[in-house]
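Residue numbers for the sequence shown follow numbering that gives the first Met the number 0, beginning at 0 and rising by one.
Quick reminder that beta carbons are idealized off the backbone N, C-alpha and C, glycines included.
It should be emphasised that the depicted structure is a prediction, and the values quoted were computed from it without experimental measurement.
Accompanying notes for the structure given below.
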Amino acid sequence: MTKLPSHLRKIGQVFVDESMTGTPIARRVRERLAEGGRADIPWTVIPPDQDRVVFDQGDTQAIYLKEYKGRFLRFCPGTRAYHCCGYRIIHIGENCPMACSYCILQAYFQDRVLKVWANQDDLFRELADGFGADRNTRYRVGTGEFTDSLALEHLTGYSRDLVHFLEDYDNVVLELKSKVVDLSWMDGTTRTDRVLPAWSLNAPFINEHEEFGVSTLTQRLEAARTCAEAGFKVCLHFDPIIRFDGWRDGYAEIIDRIFDYVKPEQIAYMSLGSFRCMPQLNPIIEDKFPETTYIYNEFVPGLDGKARLLRPLRVEQFRFMVDRLRAHGMEEQLYFCMESTEVWKEVFGYAPKDFGGLGKRLMGRGFGDIGILSKI
Ligand code: SF4
């Protein structure tokens, strides 16, 4: 019997919509919980007239296999005030079993129930209509916006199904963004050029004090190396970059370690994003993570309504990191998540030409058009 991965061991309840009980996802979750020694977990069937579940049992987590009635393919909720990367989201579920103090999902969703959209037939139908309508239109998509792409993969096999489905769509590149290591999706595709495995990184101090239940930085970097050696381009993200005592040493250390595992040419792109905080998030962090101190830094309200570190302080951190990354041979891979023209120019010396510029550049890098779009 194989034990469940550590980040799934708090799961103690499964809810399933009555209409979803016979789906492949429901069958798999049941089998894999049993294989992990958790056949004892109670399953509750939710009748069709009930749209949500209430679950509050302390540390215990619940999965809800749900029939999703909304749109699966969406635009990322960026804002026109900052340079947005033009990413599309494939919505596969909501919430995450891990716990990072800074996680924006805490403010997005009112509960912590791990929702999985089990009506994959509907999702694949919508994607086929969207991606198949014009094969000359390219899409850069990801699943890691409202959940971690791979957190529930061990139970659901969702990403493996998705990469397998997308084999037929040469015009789509899929980013799988995670803080855990699960590479079981890899044998679901022959298209190493159309899947971008991605891991978020942070300074070791932030990883140790603010990220709980996640894989270690070394495990993430080892996984990135495994994928790169298998022929995939990988993405690495520094978001949120946090200001804390010793941030220079911390970010220098993790930046230097990256290149013990992967080469710059194996990295499709790397985002840098300073910690941003919706007003609702602050009291949640204070309450759930009382040891956290970075929320008391000097913040100003941004044009997107989120608090962000004072610009000179952001620029100081960005410059430090970009200089260090450039010394390792990184240049075209780097971009900012949600920053203004002024900050781009101050740090990189250039800015996206217009609000479509960054999206085009990342589309090119995602599809491997290296060299064609050298400048934004
Ligand atoms: S791993 Fe990502 S989605 Fe999960 S809690 Fe941390 S920040 Fe949130």
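With burial defined as no fewer than 16 other Cβ atoms inside 10 Å of the residue's Cβ, what is the status of residue i: buried or exposed?
{"i": "residue 152", "result": "buried"}
{"i": "residue 262", "result": "exposed"}
{"i": "residue 128", "result": "exposed"}
{"i": "residue 327", "result": "exposed"}
{"i": "residue 132", "result": "exposed"}
{"i": "residue 383", "result": "Only positions 0 to 375 of the chain appear in the structure, and residue 383 is not among them; the question remains open."}
{"i": "residue 279", "result": "exposed"}
{"i": "residue 201", "result": "buried"}
{"i": "residue 174", "result": "buried"}
{"i": "residue 223", "result": "buried"}
{"i": "residue 351", "result": "buried"}
{"i": "residue 136", "result": "exposed"}
{"i": "residue 49", "result": "exposed"}
{"i": "residue 318", "result": "exposed"}
{"i": "residue 324", "result": "buried"}
Considering only C-alpha positions, which residue in the set the options is nearest to residue i?
{"i": "residue 96", "options": "321, 75, 59 and 157", "result": "59"}
{"i": "residue 42", "options": "50, 48 and 19", "result": "19"}
{"i": "residue 39", "options": "46, 237 and 30", "result": "30"}
{"i": "residue 213", "options": "46, 366, 341 and 148", "result": "148"}
{"i": "residue 199", "options": "235, 224 and 180", "result": "235"}
{"i": "residue 306", "options": "265, 318 and 293", "result": "293"}
{"i": "residue 92", "options": "316, 86, 66 and 288", "result": "66"}
{"i": "residue 121", "options": "89, 5 and 53", "result": "89"}
{"i": "residue 238", "options": "177, 9 and 245", "result": "177"}
Distance check for residue j and residue i, CA to CA, integer angstroms please.
{"i": "residue 57", "j": "residue 226", "result": "37 Å"}
{"i": "residue 354", "j": "residue 297", "result": "The pLDDT assigned to residue 354 is 49, lower than 50, so where the model puts this residue is not dependable; a value taken from the coordinates is nonetheless given after this. Computed Cα separation, rounded: 28 Å."}
{"i": "residue 25", "j": "residue 17", "result": "11 Å"}
{"i": "residue 169", "j": "residue 75", "result": "21 Å"}
{"i": "residue 112", "j": "residue 349", "result": "43 Å"}
{"i": "residue 143", "j": "residue 99", "result": "15 Å"}
{"i": "residue 220", "j": "residue 254", "result": "11 Å"}
{"i": "residue 64", "j": "residue 103", "result": "22 Å"}
{"i": "residue 337", "j": "residue 33", "result": "43 Å"}
{"i": "residue 190", "j": "residue 367", "result": "12 Å"}
{"i": "residue 303", "j": "residue 46", "result": "39 Å"}
{"i": "residue 260", "j": "residue 332", "result": "16 Å"}
{"i": "residue 68", "j": "residue 247", "result": "46 Å"}
Give me the DSSP bridge partner(s) of residue i.
{"i": "residue 175", "result": "196"}
{"i": "residue 276", "result": "306"}
{"i": "residue 63", "result": "14 and 114"}
{"i": "residue 233", "result": "266"}
{"i": "residue 334", "result": "270"}
{"i": "residue 92", "result": "115"}
{"i": "residue 299", "result": "307"}
{"i": "residue 72", "result": "89"}
{"i": "residue 240", "result": "273"}
Quick one: what's got a C-beta closer than 6 Å to residue i's C-beta in the same chain, skipping five residues either side?
{"i": "residue 206", "result": "216"}
{"i": "residue 347", "result": "none"}
{"i": "residue 345", "result": "314"}
{"i": "residue 184", "result": "158, 159 and 162"}
{"i": "residue 321", "result": "346"}
{"i": "residue 240", "result": "273 and 316"}
Considering only residues of the same chain and omitting the five flanking positions on each side of residue i, which have a CB-CB separation below 8 Å?
{"i": "residue 125", "result": "70, 71 and 72"}
{"i": "residue 229", "result": "185 and 191"}
Please return the same chain residues whose Cβ sits closer than 7 Å to the Cβ of residue i, not counting the five positions on each side in sequence.
{"i": "residue 163", "result": "187 and 188"}
{"i": "residue 44", "result": "15, 17 and 20"}
{"i": "residue 2", "result": "35 and 36"}
{"i": "residue 291", "result": "100, 209 and 284"}
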